[in-house]
Amino acid sequence: MCGIAGFVALHSDAFRGAAELVERQLRLITRRGPDSDGMWLDPTSGVAFGHRRLAIVDLSSAGHQPMSSPSGRFVISYNGEIYNHHELRSLLEGEGRAPTWLGHSDTETLVAAFEAWGVEQTLQRCVGMFAFALFDRRDRLVHLARDRFGEKPLYYGFVGTGAERRFAFGSELSTVSSLPGFEKQLDPDALGGLLQFGYIGSPSTIYRGAHHLPPASLMTLDPVKGSVTTRSFWDPVATAMASRARAFEGSDEEATDALESVLGRAIQMQMVADVPLGAFLSGGIDSTSVVALMTQYATSKVKTFTIGFHDKAHDEAPYAKRVANHLGTDHVEHYLTDREALELIPQLPLVYSEPFGDSSQLPTLLVAKLARKHVTVSLSGDAGDELFAGYNRYMFADRAWGKLRRIPIPLRKALVGAVGGVSQATLERVGCVYNVFAGRHAVNNFADKAAKALRVMDSNDVGDFYQAAVAYWQPSPICGREHVHAAASIELQSGLGPIESMMLRDTVNYLPGDILQKVDRACMGVSLEGRVPFLDHRVFEFAWSLPMRLKIRDGKSKWLLRRLLERRLPPQLMDRPKMGFAMPLAGWLRGELRPWAEELLSAAALQDIPELDVHRVRAAWSSHCAGERNMTEQLWPLLSLQAWRLQA
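Count the sequence shown with numbering that gives the first Met the number 0 and you get residues 0 to 647, in order.
Spelled out as structure tokens, the structure:
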């Protein structure tokens, strides 16, 4: 796990001062690789590569980067982990195409594989997470590539003009935007995505002149021609549909065995490291599944980490502790004080390279900081929701849309108008009464979810329903720009039902744009490597081969994961409402954080954001402060943007 940076000079004059420019880029990403740095410069080709290393596998100098291939044809600056690289070495050796190995790093395996099989075929064979820049000295081409799901980031852009023009790249946006000649112009379309969904999806970034390489992409730059071509080496939609066509036909017990095998294999591979390793544990289905299988393969107690909150409505730590006690892990928990959280919030722009509006970024960063005190690598349960139908909105959509579409739209709009004026306090009281009688169907954060339910009431079709369910603002507060997800037509293309459609859309949009960005930035912000076993692409293929009856049954999501856990845990430990990784931000914004937020959301501070409906934002802030509505979801992305702008 590391950080990469560099540039390609598109004119000989643009290479002047290359070492100083790369050093500047690397200083900005030191936390991604605090163990060492390296640089490779070639004035003849105009290529300048830089690297910051967080040593995980092969701690010796044999793993130092940038690294050349055995013949010297390829030079790489690489960030990530190839979990099956020992298998790739064996294949190379079996074909008689392996070099004399100098160490046991996956970087050395990669460059040898590129020489033997070529770039794209090697990517097809890799199991892992990665982002890299690769210079082919023979063909004089520069390749950028990013892993299948987008676990590791890779930004790029053309910078400067004329004789000073460069093609820059790096692990964070700042590695591009910091170079001379970059124009820091905000992109209104990216702003629209940020404010509506809490994140900026690739290939957009907050700046017009920089881009985020999409997942599963291989980009090739021809420095002589100045041309760029991009192609996908893997397609999640096509893969899901192909897996779905080969539907699993075994019994429930056989399905549980198969899940244990494929997920267990992924976890076992991701537990390989030459440094201490542990796992995040929330006590939910996904993280518990990962930890339960880790204990099966570990040679000593698995280290687990949890952040707790004194606000009971947001605290999952007691559940995590019960799970840890049952599995016998070496468990570490830390209860967050308001002071700790409030002191960290203004520092978030330093960790996130561009504005990021998912408020769970804070507890994610805090649990990463906790883990880093004890380990250098931590596994997580992320992506279990997208693969096994875990989000509440999936079942809500399936039930609600079927009923909702039978109600005339004018009547639905009238209902929204009538109920929309109910205060936050009233919704909370209704939620308390509902939960008294709801039993296992009780709903955490009832008032917030009721408000979200109102947003979907006037949907015209299931596509609108999805957009409304995940959007914070409806319509967008960026005037005249209704941001639509790139995968909005997935259902029409494939004929999927509402639940599968939403799962696949989230895999394409929300997972790389929000979840994986959050985990990468939080972990690398404290020099911790985060690994996601559910994103072994073979686990993805298996999950999509499962019929829905193995994902949702008897009103419970993640049915097969629950069945797997019953082999190791009493069911009552898992039988509770889904909480999510949230904090009591609503109250903080009305209290201790109010002066900070008021300054960032003042009319004067908002007026220079392109195309923003300032009056609407100010009204939302006033409503929140008065306790009429909980507008945290809507306001946090904007606060994130404003705080980031002060640091940019």
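Even glycine gets a Cβ: it sits at the ideal position worked out from N, Cα and C.
- By the criterion of at least three beta-carbon pairs nearer than 8 angstroms, the stretch 60-75 is not in contact with the stretch 146-162.
- Three or more beta-carbon pairs separated by less than 8 angstroms link the stretch 277-287 to the stretch 319-334, which places the two stretches in contact.
- Shown here, G62 sits in a helix according to DSSP, grouped into three states.
- Between L217 and L592, the alpha-carbon positions lie close to 43 angstroms from each other.
- Looking at the backbone, the Cα of V46 and that of V374 are separated by about 36 angstroms.
- One alpha carbon belongs to W472, the other to P409, and they sit about 21 angstroms apart.
- With fewer than 16 other Cβ atoms from the protein chains shown falling within 10 Å of its own Cβ, T99 counts as exposed.
- The bridge partners DSSP lists for C1 are R52.
- The beta-carbon distance between L53 and S526, rounded to whole angstroms, is 6 angstroms. This is short enough to meet the 8 angstroms contact definition.
- In terms of Cβ geometry, G79 and R51 do not form a close pair [threshold 9 angstroms].
- Here DSSP, grouped into helix, strand and coil, assigns M573 to coil.
- Each of A367, R537, L343 and D57 was checked against the Cα of S242, and the nearest Cα belongs to R537.
- V175 is classed as buried because its beta carbon has at least 16 other beta carbons within 10 Å across all chains shown.
- Restricted to the stretch 360-421, the alpha helix (DSSP H) segments that are unbroken, complete and at least 4 residues in length are 360-371, 383-387, 391-403 and 408-418, listed in chain order.
- Residue environment analysis places Q346 among the exposed positions, since fewer than 16 neighbouring C-beta atoms fall within 10 angstroms of its C-beta.
- Closest in alpha carbon position to S231, among Q516, H142, N83 and G197, is H142.
- The beta carbons of F48 and A132 sit closer together than 9 angstroms.
- If you look at L220, you'll find it in the beta strand (DSSP E) that goes S216 to D221.
- According to DSSP, residue pairing for G37 in a beta bridge involves H50.
- Counting only runs that start and end inside the stretch 221-276, the alpha helix (DSSP H) elements of at least 4 residues fall at 235-244 and 251-269.
- Between P213 and P202, the beta carbon gap of about 6 angstroms places them in contact (Cβ cut-off 8 angstroms).
- Secondary structure at M582: coil, using DSSP grouped into helix, strand and coil.
- Short of 6 angstroms from the beta carbon of D384, and not among the five residues preceding or following it, lie these beta carbons of its own chain, in chain order: Y390.
- The three-state reading of DSSP puts T294 in helix, counting H, G and I together.
- Here DSSP, grouped into helix, strand and coil, assigns V7 to strand.
- Annotation for I498: the continuous alpha helix (DSSP H) segment containing it runs P497 to V507.
- Straight-line spacing of the CA atoms in D146 and S68 works out to 21 angstroms.
- Using a 10 angstroms sphere on the CB of E19, the tally of other CB atoms stays under 16, which defines it as exposed.
- Note on geometry: alpha-carbon atoms of V158 and G524 lie some 26 angstroms from one another.
- At the C-beta level, V74 and D105 stay beyond 9 angstroms of one another.
- Residue environment: C431 is assigned as exposed (fewer than 16 neighbouring CB atoms within 10 Å of its CB, all protein chains considered).
- Between S35 and the set R589, E332, R23 and L58, the nearest pair of CA atoms involves L58.
- When secondary structure is reduced to three states using DSSP, T305 falls in the strand class.
- For L109 and V274, the gap between their C-alpha atoms comes out near 21 angstroms.
- For L369, the closest C-alpha among the options F279, F113, Q466 and W543 is that of F279.
- Annotated three-state conformation of F148 is coil, per DSSP.
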